[in-house]
Amino acid sequence: MSTIITIIIAIAVLAVLGKVFFSGTSGPSRRKEGSADSGETSASPEKGNKNPSAVKNMGASMLSDMGVKGASLFRPPPEPTLFTGRKEVQKKIMGQVSTAPAIIGINGHPGVGKTCLAITLIKKFSPQFTNNCLFIDMQGDQPNPPSAEDIMRRIILRFHPSQPLPTDNKKLAKLYRVALKAHKGILILDNAAGTKQVKPLVPPRSWLMIVTSTKPVLIPNIVAAELDPMETLESQTLLTRWAPKISPTIKEISHICKGLPMALEIIGKLFTINSTMAPDYFTKKFIEVRERFGEDVKGDFVVGIRAAITLSYNMLPDKAAVVLKKLSIFPGSFTANAVSFICEDTKNLSLTGLEKYGLVQYNLNSNRYYLHPLIKSFVRPLLTPGDRNMTEKRLATEFMNVLENAHLQVEKGGKEAIKGLRLFDLELENIKAGMEWSRKYCDKDKEAAQICSAYTENGATLISQRLSPTECIQWFEAALTAARQLEDKEAERTHLLNLGCQYALSNQSLEATNTLQSALSFCKKEGDVEGQKIALQHLTRLSLTGSDHALTIGYIEEHIGLTGNGNEAEEFKLLVQLTKSCVLIQEYNKAVHSGEQAMDLISLNNDKALHIILFHNLGEGYMKTGEESKALEIFEHALKLCQAIPKHPLLTELTKLAGEAAVKTGDVPGALKILLKGLETIRQNNNLTMEGALLIQISETHIGNQSEDQAFGYLEEALNVSKKINDRPMGGKVLWMWSKALTKSGNIAAAISQGLEALKIYEELNNPEASDLRAQIDKWSGN
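Using our numbering, the first residue of the sequence shown is number 43, and each one after it goes up by one.
In structure tokens, the structure reads:
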């Protein structure tokens, strides 16, 4: 928290300095495109906000202002009120969409109206695809647009905000399709980068997908429509609708705009705002701007739209022009609240004006604003490096606060947690932009380092749950570097632990182990017991994944040594895991010792599944140390719990162990009773593999008790099971056991016959015991 307040105070101080360095002038017009902005007004944030903590509270107000319900995520803009023409294109699309999944691709030059056309199709297709309409900005104009997997995550979380996301891309894609299959609707992927980004996102048959892009997207069965500039008559009609009084010069203006709806809208709105200006004079200014770009080349649509943007920008009030340039730092959509602080537009007067000029778009359905990529590419170079850095710093600070507020909401749980998750999802692109700025400058700017460290301190859980593993690692690595620069020991400890855990989730075992070992050493040096326990917990999981049980035992014992009085419940869980690991490396005396310690604490834990694991491993320890009676008692406890849990995976294993323990205590009838009860339960669960295993053990028990005649019936049943499930190893084992039982009953000829059948299977499976079988059969034959 102290880090955050320090940053906010620094931002306020920088704003005051900005006021000194950038004394402003106001005027009705802009200087020509590319002019320096050193004379522009820079509003001071403390005019309406002298208290630094009030700046921080702005992020909190976003929770109520933004609309964090699931419905507000990815809502499309309303249908354009002045949409004109395109009837032939609509008719073509409507006529060709038939096969499911229905996919429509609309491509064309930027500003030609692809998005507007896509939005008009919602109403036309809504009777078939009801309930949902998702509108995703694919950011195809960005150098690094989101991947298909990034979009999958966002859509899954739109329907299931608390859903854990798999790190494996194949599992993620499956979950994406499952999430969409439960619904019906229209998915609009606007401004797509290309086929690679879009193809994995093809939805189930219950959805219609509409893709807009500059170049065609190549997907099987796509209904493709290339959108050309508007015809002359349509172009003039649209311009007249935007500015009815411009009609005297409509032909000249329409010609410059090249039939691009975006250029026509900007010019139409500009003339309406300046309606006292004579159409001839307005047109003359427009022509002058257009001529700066050279000769009129047929098919060069960029010049027309650039001329419209330039004229509109030149006629902006000074303050509005400053705000417009600063808006270019937003990667996607944004709220009025964010603009108020980041762009120093306290009452949003400039933002409102820019919307009227058509230079900023407003989505009424989501209550968010956004810049068209062409506007953004025009104004971005006009922002001086100093102003850019200051504005990006303000963005980083604002969305650091938003991230903290989202985290605090999630911590509350329940409905408040969902609000926090929604807030994070709404502002994800802006949060990422803020973190990226802090990461970029953290080695040069102490405040950037503080922000970088604070981002992951505030949002470690949200980041891990919602970003790709690669992004998470980048964030935590940057935060760790920042914390070390700041010599912030507490933050360094947190980032080391988070980074180690993230490496583990990404299956980077070596990096995870090294980082967590560093975290463990760091925490020991700092006397941080809780940090040591967290590091040991994750190191234990890693060693278990790598089946290094000796290392696991060392970690668990060290962890147990850190548990103090009052932590018996935690100690119990550790002792259970220790007992299991000891059995796995055949340290049975140690397993018995830790298992008995766990038994003393078992009343503190109600987790029956954990009890079964303890009984299983302690029982094995008793068996291997010659304490069969204790083993039988403990296995019977485990079986009682197992039989209360349908299809428990240890049921067969525990039944077999209990039967073996009973035999070793000399209680063969008791052993058979246990095995037959287990067989009955397994048959109810319809698990033939486990049924076969128990039938074999029942047969062995009868053979060991010299009751071969009774064993034969169970062996025949086991052989039939092996054939049903085509389990050749089981079949070979049954035949060989049957063969040996026949020799005990004196039927050597039948034993040889069964033995040869068993040998055939063993040799086909390349079983190394095949030679032993052959030697035994030869011996029987010789006798």
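Where is the CB? At the ideal position from N, CA and C, for every residue including glycine.
Three-way DSSP call (helix, strand, coil) for residue i in this model
i, result
"Asn316", "coil"
"Cys175", "strand"
"Ile740", "helix"
"Asn808", "coil"
"Thr141", "coil"
"Met779", "helix"
"Asn211", "helix"
"Gln818", "helix"
"Thr256", "coil"
"Ile371", "coil"
"Asn500", "helix"
"Arg410", "strand"
"Phe376", "strand"
Start and end residues, alpha helix (DSSP H) containing residue i
i, result
"Arg464", "Gly456 to Leu468"
"Ala190", "Ala190 to Phe201"
"Thr694", "Leu693 to Lys706"
"Arg725", "Val710 to Asn727"
"Arg904", "This structure cannot speak to residue 904, because the chain is shown only from 43 to 825."
"Glu513", "Pro511 to Leu528"
"Leu562", "Ser551 to Glu568"
"Val571", "Val571 to Thr587"
"Gln205", "From DSSP, Gln205 is part of no alpha helix (DSSP H); its letter is neither H nor E."
For residue i, the first and last residue of its enclosing beta strand (DSSP E)
i, result
"Ala224", "That residue, Ala224, is in no beta strand (DSSP E); it is neither H nor E in DSSP."
"Asn149", "Ala144 to Gly150"
"Glu268", "Ile264 to Leu269"
"Asn648", "First-last for Asn648: undefined, no H or E at that position."
Outcome for residue i when other beta-carbon atoms lying within 10 angstroms are tallied against a minimum of 16
i, result
"Gly346", "buried"
"Met272", "buried"
"Tyr323", "exposed"
"Pro373", "buried"
"Thr555", "buried"
"Lys689", "exposed"
"Asn500", "buried"
"Thr743", "buried"
Sequence-distant residues of the same chain with beta carbon closer than 7 Å to residue i, five excluded per side
i, result
"Ala524", "Cys484, Ala491, Cys494 and Ser495"
"Ala611", "Leu646 and Asn647"
"Pro120", "Leu406 and Asn407"
"Thr126", "Glu276, Thr279, Leu280 and Arg283"
"Phe116", "Leu176, Phe177, Ile178 and Arg200"
"Ala800", "Gly774, Leu777, Trp778, Ser781 and Leu815"
Residue i to residue j span [Cα, whole Å]
i, j, result
"Glu534", "Glu678", "50 Å"
"Gln205", "Ser585", "27 Å"
"Lys461", "Glu453", "11 Å"
"Leu406", "Met442", "26 Å"
"Leu504", "Asn540", "12 Å"
"Ser65", "Asp360", "Any reading at Ser65 needs caution, since the residue's pLDDT is 34, under 50, leaving its predicted position unreliable; the model's value is listed next. When rounded, the distance between both Cα atoms is 12 Å."
"Ala234", "Glu519", "30 Å"
"Asn409", "Lys622", "56 Å"
"Glu733", "Leu207", "36 Å"
"Met477", "Met357", "35 Å"
"Glu446", "Glu471", "15 Å"
"Ala57", "Gln507", "For Ala57, the pLDDT reaches just 42, beneath the cut-off of 50, and the residue's location in the model is therefore unreliable, although a value from the coordinates is still provided. Rounded to the nearest angstrom, the two C-alpha atoms are 35 Å apart."
"Ile193", "Val618", "41 Å"
"Gly90", "Cys175", "Unreliable placement is indicated for Gly90, whose pLDDT of 36 sits below 50; the coordinate value is still reported in the next sentence. If you take the alpha carbons of Gly90 and Cys175, they lie about 39 Å apart."
"Ala577", "Val571", "10 Å"
"Thr587", "Ser548", "13 Å"
"Leu562", "Ala221", "40 Å"
"Ser354", "Ser255", "26 Å"
"Ser114", "Ile308", "28 Å"
"Leu463", "Ala521", "22 Å"
Contact set for residue i: own chain, Cβ-Cβ below 6 Å, skip 5 residues either direction
i, result
"Ala142", "Arg247"
"Leu721", "Leu736"
"Tyr756", "Leu737, Ile740 and Ser741"
"Asn809", "none"
Same chain, Cβ closer than 8 Å to residue i, five either side skipped, listed in chain order
i, result
"Arg18", "The structure shown does not extend to residue 18, since the chain spans only 43 to 825, so no value can be given for it."
"Glu568", "Lys531 and Arg535"
"Leu660", "Thr621, Ala633, Val634, Gly637, Glu638, Ala640, Met641 and Ile676"
"Arg770", "Ser764, Ile803, Glu806 and Leu807"
"Glu695", "His658"
"Gly746", "Val705 and Val710"
Cutoff 8 Å: residue i Cβ touching any chain D Cβ
i, result
"Val139", "Absent from the structure is chain D; it holds one protein chain and no more."
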